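According to full-length UniProt numbering, the sequence shown is numbered sequentially starting from 1. For every residue, glycine included, the Cβ atom is placed at its ideal position computed from N, Cα and C. Computed from a prediction, not measured in an experiment: that's the story for all the values here.
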Amino acid sequence: MMQILQMLIPYIVQEDDMYKPTDEAVALAVLSFACNGVDSLSAYLAKHYRGGNSIALIQRLQEMSISYSTGFTLPDYSDLLQCLAQEPHTSDLAPQLRQRLLSWLHALAPYAHMSLSSLANAMTCNYKYWIIDASSPYWPRQLNHISTRTDSEAPLCLWGLGSIDALCSCDAPISIVGSRSVDAYGRYVAFHAGKYAAMHGHMVVSGGALGADAAAHWGALAASDILDEPGRTVAIMAGGLHHMGPTRNTTLFERILQSEGAIISELAPDVVPEPYRFLERNRLIAALGSTLIVAQAQHRSGALNTATWAATMNRDVLAAPGNIHEPYNSGCNRLIADHKASVLVSATDMSDVCHPAHDPYKTSSHTTDTSLSPP
C-alpha cells in the first residue's frame, strides 16, 4: 500500500501553522498509537488524568516506559489507579489497567526519550499527515456523539491527508455507504446521491472501498467538474494511512485530494486494516453524517452495521429499495421492511433529504455547531 502513498506525495501536507499539530494533539496521537486505537480506559485517562492533561499523561507514561525498560518491573502506577477511582462507574476499568500498561509501555519504548517536537515529527511521519484532536477548530463536533450516544468511544485524534478544513465544511454532511459488490443500479444510486449532495455544497462521507464507497466519492467529484465550489468529499480508512487502499482506488484518492477533500483515519499510520477495524470505522462514517444513505447492500453487508451505528446516534437512515429477486438489494429491503430505514425515493432529487444548499464553509468565517438532532 505504500506505493499509493508515494503517488500522493504532491498532496502531502507541509509544516506550516495551519497543519502543525498542537502539543495536545500530539500527546493524544501518541496515546492512540500506544493503545492501538481507543477504548474506555484510554479515553477516560485522556479526559481525567490531572484534569484532562494529556501531555502530562504521556510524559508520565514515557517515564514509566524508561523505568520498565531498565528493570522490567512495572513501575508504581497508583496515580493512574487514583484517577480511575474518582468515579464509581470506572471501577471496572481498574483490573484492566495493569495488563494494558504493560502493552502501552512496550509500544512507547522507542519514543520514551522524545520531546514533544520529536514526537510530532514521529506521529506525523515528518509532516506527511496532519493530526487534530477535539480541541481543534477543524474537529467535526458530531464525532463526539460516539461517546455520548453509544457504548463506544470517539477517536482520541484523527490523522489526515488533504484539506484540513474539509471536515467542518458542512453542518449536516451526507454519509453514503453500500456493499463492495454492487450492480449498475447500486453504483447509480451511490454516484447520483453523492453528486446531488456535493452540487448543493454538502460534504459527502464514505469509506475507501470499491463499489458503493467509490461510486459515492466519484459522484461528489463529478460536481467539481461543474461547480467552482462544490461540497467536499471525505474518505475514512479502516487502517492507518500507510495502508490506504485498495490500489485500484489510487486515482480516486488522488482526485479527492486534488478537489480539497480529505482522507482520514483514527489510527496511527502503520496500523493494518484488519477485518474488525472496518466495523469500528463504520461508527465514524455514521457519526460524521447527519443522514446516512445505504445505496445498495446485500444481507451481510458491513453497510448494515453502519446503519445500526447511525440509528443509535439518532441519524436519519435511508435505504434505496430494489428488486426483491436480486440478492444485491436484500440488505436495503430488509432495513426498510424492519422500519430501520426510510425509503430513498430518488438519488437525483434529494431536496427532502438535504438541508438548504450552501457553499462549503471555511473555518475562518464559519463556526460549526454540529449538534445535529437532540439525543
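For this session: Evaluate the contact criterion for the region 80-99 versus the region 44-53: three or more CB pairs, one atom per stretch, below 8 Å.
Result: Yes, they touch.
Exercise. Which ranges does the beta strand (DSSP E) cover as unbroken runs of at least 3 residues, wholly within the region 137-185, from first to last along the chain?
Worked result: The region 137-185 contains these whole beta strand (DSSP E) runs: 158-162 and 174-177.
Exercise. Looking at residue 249 and the ligand NAD, is the gap between the Cβ and the nearest heavy atom below 8 Å?
Worked result: Judged by which ligands are present, the structure shown has none, so any question about the ligand NAD falls away.
Exercise. How many Å lie between residue 61 and residue 104 at the Cα?
Worked result: Using only the alpha carbons, I get a separation of about 8 Å.
Exercise. Residues in its own chain within less than 7 Å of residue 297 by CB, not counting five upstream and five downstream?
Worked result: Within the same chain, and ignoring the five residues on either side of residue 297 in sequence, the residues whose Cβ sits closer than 7 Å to its Cβ are 178, 179, 303, 304, 331 and 332.
Exercise. Count the other CB atoms within 10 Å of the CB of residue 329; is the residue buried (16 or more) or exposed (fewer)?
Worked result: So residue 329 counts as buried.
Exercise. Who does residue 132 pair with in a DSSP beta bridge?
Worked result: Residue pairing of residue 132 in beta bridges, as defined by DSSP: 158.
Exercise. In terms of residue numbering, what span does the alpha helix (DSSP H) encompassing residue 377 cover?
Worked result: Outside the displayed range of the chain (1 to 375) lies residue 377, so it cannot be described from this structure.
For this session: Provide the residue(s) that pair with residue 235 in DSSP beta bridges, ordered along the chain.
Result: 206 and 263, per the DSSP bridge assignment.
Problem set entry | Residues that DSSP places opposite residue 388 in a beta bridge | For the chain, the structure presents residues 1 to 375; residue 388 sits outside this window and is missing.
Exercise. Distance, Cα to Cα, residue 221 vs residue 258?
Worked result: Their Cα atoms are separated by approximately 10 Å.
Problem set entry | Between the CA atoms of residue 108 and residue 57 - distance to the nearest angstrom | Here the alpha carbons of residue 108 and residue 57 stand approximately 13 Å from one another.
Exercise. Out of 157, 317, 196 and 200, which has the shortest C-alpha to C-alpha gap to residue 384?
Worked result: Residue 384 is absent from the model: the chain starts at 1 and stops at 375.
For this session: State the DSSP-derived secondary structure class of residue 18, mapped to helix, strand or coil.
Result: Residue state, collapsed to three classes: coil.
Exercise. Looking at C-alpha atoms only, which residue of 224, 311, 347 and 190 is the closest neighbour of residue 211?
Worked result: Among 224, 311, 347 and 190, the Cα nearest to that of residue 211 belongs to 190.
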